[in-house]
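Undergrad:
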Amino acid sequence: MKGPPTRPDKETTMRVMVIVKATKDSEAGKMPSEKLLADMGKFNEDLVKAGVVLAMDGLHPSSKGKRVRFSGGKRTVLDGPFAETKELIGGFWIVNVKSRQEAIDLALRCPHPNPGEDAQIEIRQVYEPEEFSEASPELVAKERELRKLIDK
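Mapping to this note's numbering: the sequence shown position 29 is 730, numbers consecutive.
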């Protein structure tokens with residue numbers, strides 16, 4: 702991808718979540734280096750200027766998190782930390798792109814999230830209300846209305 706992407710037309714786009722996987726350092730609460738913060742800041746600025754970002758943030762370590770487990774009719778609250786670091790999310794962007802390839806190109810431009818160690822970025826498409834074909838038209842319409850409220 703040459704330069705930042707431009708905001709695609711809503712009619713021909715897909716929303717994707719670009720997920721940065723947690724690392725031992727992020728789970729230990731270690732903040733990124735000044736250089737990485739600057740590089741990520743520039744990357745984020747390019748995405749915002751291009752108009753493709755819908756949301757983005759980094760997450761505190763799972764030691765500060767909770768999980769709610771559902772088992773039958775019972776709900777149990779579990780305290781972090783959670784064991785499998787490679788399965789945890791360290792940060793994310795939700796972006797509006799024209800294609801999966803554009804999302805891949807975007808992820809390829811991202812600064813290395815954990816220099817010196819292996820890292821992963823996962824790309825997952827977000828469901829649109831129309832994709833829930835089993836849902837009644839009323840439920841799909843209600844979902845569209847909720848999304849309009851969110852957009853405001």
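Backbone N, C-alpha and C define an ideal beta-carbon position, used for all residues, glycine too.
This one's a predicted model, so the numbers in the text were calculated from it and none came from an experiment.
#1: Mapping DSSP to helix, strand and coil, what is residue 742?
#2: Measuring alpha carbon to alpha carbon, tell me which residue in 717, 763, 735 and 753 is nearest residue 723.
#3: Taking the DSSP output, what are the residues bridged to residue 795?
#4: With a threshold of 16 other CB atoms inside 10 Å of the CB of residue 804, please say whether the residue is buried or exposed.
#5: Can you name, in chain order, every residue of its own chain whose Cβ lies under 6 angstroms from the Cβ of residue 707, other than the five neighbours on each side?
#6: DSSP three-state call for residue 727: helix, strand or coil?
#7: What does the alpha-carbon distance come out to for the pair residue 769 and residue 788?
TA: Straight from the coordinates:
#1: Residue 742 falls in the helix class under three-state DSSP.
#2: Taking each of 717, 763, 735 and 753 in turn and checking the Cα distance to residue 723, the smallest one comes out for 763.
#3: For residue 795, the pairing in a beta bridge is given by DSSP as 718 and 756.
#4: So residue 804 counts as buried.
#5: Low local confidence applies: a pLDDT of 44 at residue 707 is under 50, so the model's placement there is unreliable, and no value is given.
#6: DSSP places residue 727 in helix when its eight states are reduced to three.
#7: One Cα belongs to residue 769, the other to residue 788, and the distance between them is close to 17 angstroms.
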